[in-house]
Amino acid sequence: MTKIKLNDMLTFYDKENLTIATVCSHSSLQIFNGAKKEGFKTLGIAIGEKKRYYDAFPLGKPDEFFIVENYKDILKYTKELKEKNTIIIPHGSFVEYLGANNFLKLDIPTFGNREVLLWESDRGKEREWLEGAGLTMPEEIKNPKDIDIPVIVKYHGAKGGKGFFIAKTYEEFLKRIKKDKPYTIQEFVMGTRYYLHYFYSPIQENAYKLSKGSLQLLSMDRRDETTIDEVQRLGSIAELEEIGIHPTFVVTGNIPIVMRESLLSKVFEMGASVVEKSLDLFGGIIGSFCLETVVTEDLEFKVFEISARIVAGTNPYIFGSPYSELIQPDMSTGRRIAQEIKYAAKKGLLNKILS
Ligand code: AMP
């Protein structure tokens, strides 16, 4: 949506009566809980039917459900949603299932800069952005014949790491690859994984200062991935592979974590340069984003991915994390998003944080 269209839309919005909406999945309980704490009305877009489990979580249940047949149908109801002064909070499932093109043309004010999708969903552009920001990414192996270190093979657009596999030689690669799907081969980085949850505000100066606005670190997690994370209960990976059992990388949950404090300077430097580069490239990433990293034994970060919106790894922190507690008690990422919208609405700056 263009800035002009967004501004037009916002002139008709009742800024004191905004509704925060998202699709009922992923991090929606947290988003609704955070929005309620900040006094917003909440609307849960439910696909097919209202999920019964929301009744069991009254503090995370939206005030109202909006039932649509499927994700694409959301596009048909933009008039009704706008009449409720709706602001959409996109999360990973929302964007994935609606589809990138539909998301880009969705005619409802949406938190964050949607242009980021063009940089995040194309692996080449993602690398241009992150390496351009001075971050170290895992080496990319262009020709599978050159595999002489452990690598991870990733299919483009694969949901939750599905189908990814590890290979140590060209022969192993050939045995497993599905050639009909586009893929990338990356050095498998040895180390420990940290998924860093940042929040960038282009309109507030009260945190780690950048050329424009400021940056916060709200939390971090480690993903729990089946079967790789527990496969060793049955035997070593090498042993299992010999009998045709291969580990998989499907995300099933998230584990809270903190990092040794001496690494925090680097965490902020990385987050800051990713934001500064995004300002140069496409007008800036806005709000929550996550750098997915591996820390090596030399205490170096290798960043293998960026998610440019709220990630499900923030869900363990509905009542705050050891980092967000040092900013404000009881603040989840969902609540931080609601606070940003509240602040922007009060100051007449909504068009700086929505697209
Ligand atoms: P992704 O879809 O890129 O987030 O990758 C799914 C999972 O694969 C991650 O959560 C990691 O556990 C693992 N992974 C991805 N890239 C690498 C890498 N270069 N080295 C080691 N593990 C990786």
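Heads up: the sequence shown begins at 3 in the working numbering, then just goes up one per residue.
No residue lacks a Cβ here, since even glycine has one placed at the ideal position from N, Cα and C.
Would you mind reading off the limits of the alpha helix (DSSP H) that contains residue i?
i, result
"tyrosine 172", "172-178"
"valine 97", "94-100"
"phenylalanine 34", "30-39"
"glutamate 327", "Run containing glutamate 327: none; DSSP gives neither H nor E here."
"threonine 80", "80-85"
"isoleucine 355", "352-355"
Just curious, the beta strand (DSSP E) that residue i is in, first and last residue?
i, result
"glycine 46", "43-49"
"valine 25", "21-25"
"isoleucine 89", "88-90"
"leucine 120", "Note, leucine 120: premise wrong, no beta strand (DSSP E); alpha helix (DSSP H) at 118-122."
"isoleucine 308", "303-309"
"glycine 336", "Unbroken run through glycine 336 is the alpha helix (DSSP H), 335-349; no beta strand (DSSP E)."
"threonine 4", "Threonine 4 -> no beta strand (DSSP E), and no H or E assigned at all."
"threonine 295", "289-297"
"isoleucine 69", "66-70"
Taking 6 Å as the limit between beta carbons, can you name the residues of its chain near residue i, skipping five residues before and five after?
i, result
"lysine 170", "Pro152"
"phenylalanine 68", "Leu45, Ile47"
"valine 118", "Ile287, Ala310"
"threonine 254", "Asp226, Thr228"
"arginine 125", "Thr186"
"alanine 37", "Ile22, Thr44, Ala340"
"lysine 86", "Thr21"
"glycine 162", "Val252, Val253"
"valine 191", "Pro140, Val296, Lys304"
"alanine 135", "Ser275, Val276, Lys279"
"phenylalanine 291", "Tyr200, Ala310"
Can you list, in chain order, the residues of its chain with a C-beta nearer than 7 Å to that of residue i? Leave out the 5 residues immediately preceding and following it.
i, result
"isoleucine 288", "Gly114, Asn115, Tyr202, Pro204, Ile355"
"asparagine 72", "Ile49"
"glutamate 299", "Gly193"
"isoleucine 239", "Val233, Pro249"
"glutamate 302", "Thr138"
"proline 146", "Tyr172, Phe175, Ile187"
"phenylalanine 59", "Leu31"
State the CB to CB distance for the pair residue i and residue j, rounded to an integer number of angstroms; the pair is presumed to be in contact (CB under 8 Å).
i, j, result
"isoleucine 91", "threonine 13", "Their Cβ separation, rounded to whole angstroms, is 22 Å, which puts isoleucine 91 and threonine 13 out of contact at 8 Å."
"tyrosine 200", "glycine 273", "5 Å"
"valine 313", "tyrosine 196", "Not quite, the Cβ-Cβ distance comes to about 12 Å (not below 8 Å), so this is no contact."
"alanine 347", "isoleucine 22", "At roughly 11 Å, the Cβ-Cβ gap does not stay under 8 Å, so alanine 347 and isoleucine 22 are not in contact."
"glycine 336", "serine 29", "7 Å"
"leucine 132", "valine 305", "6 Å"
"glycine 62", "phenylalanine 34", "5 Å"
"leucine 106", "leucine 77", "In fact, because the Cβ distance is near 11 Å, the residues do not count as touching under 8 Å."
"isoleucine 110", "threonine 88", "6 Å"
"aspartate 223", "glycine 350", "About 35 Å; that fails the 8 Å criterion."
"glutamate 122", "glutamate 128", "6 Å"
"leucine 281", "lysine 214", "7 Å"
"isoleucine 168", "isoleucine 154", "6 Å"
Any heavy atom of the ligand MG closer than 7 Å to the CB of residue i?
i, result
"glutamate 133", "As presented, the structure is devoid of the ligand MG, carrying the ligand AMP as its sole ligands."
With a CB to CB cut of under 8 Å and the five nearest residues on each side skipped, what residues in its chain are close to residue i?
i, result
"leucine 242", "Val233, Leu236, His248, Pro249"
"lysine 180", "Tyr157, Gly165"
"lysine 74", "Leu100, Gly101, Asn104"
"phenylalanine 270", "Tyr210, Leu217, Leu219"
"glycine 18", "Residue 18 is actually glutamate in this sequence, not glycine. Taken in chain order, the residues that qualify are Ala347."
"asparagine 353", "Lys5, Leu8, Asn9, Leu12"
"phenylalanine 284", "Asn115, Glu117, Val118, Leu120, Trp121"
"valine 97", "Phe105, Leu119, Arg311"
"proline 318", "Ser221, Asp223, Asn256, Ile257, Pro258"
"aspartate 332", "Lys39, Phe321, Gly322"
Under 8 Å between C-beta atoms, does residue i make it to chain D?
i, result
"glycine 134", "Protein chain content of the structure displayed is limited to a single chain, and chain D is not contained in it."
Could you give the uninterrupted runs of the alpha helix (DSSP H) lying entirely in the region 134-196, keeping only those of 4 residues or more?
-> If we require 4 residues or more, the alpha helix (DSSP H) runs fully inside the region 134-196 come out as 172-178.
Any beta strand (DSSP E) of 3 or more consecutive residues that is wholly inside the region 230-282 | Segments of the beta strand (DSSP E) lying fully in the region 230-282: 251-258.
Note down, one range per segment and in chain order, each beta strand (DSSP E) of at least 3 residues found wholly within the region 203-230.
-> For secondary structure counted as the beta strand (DSSP E) over 3 or more consecutive residues, the region 203-230 holds these complete runs in sequence order: 216-229.
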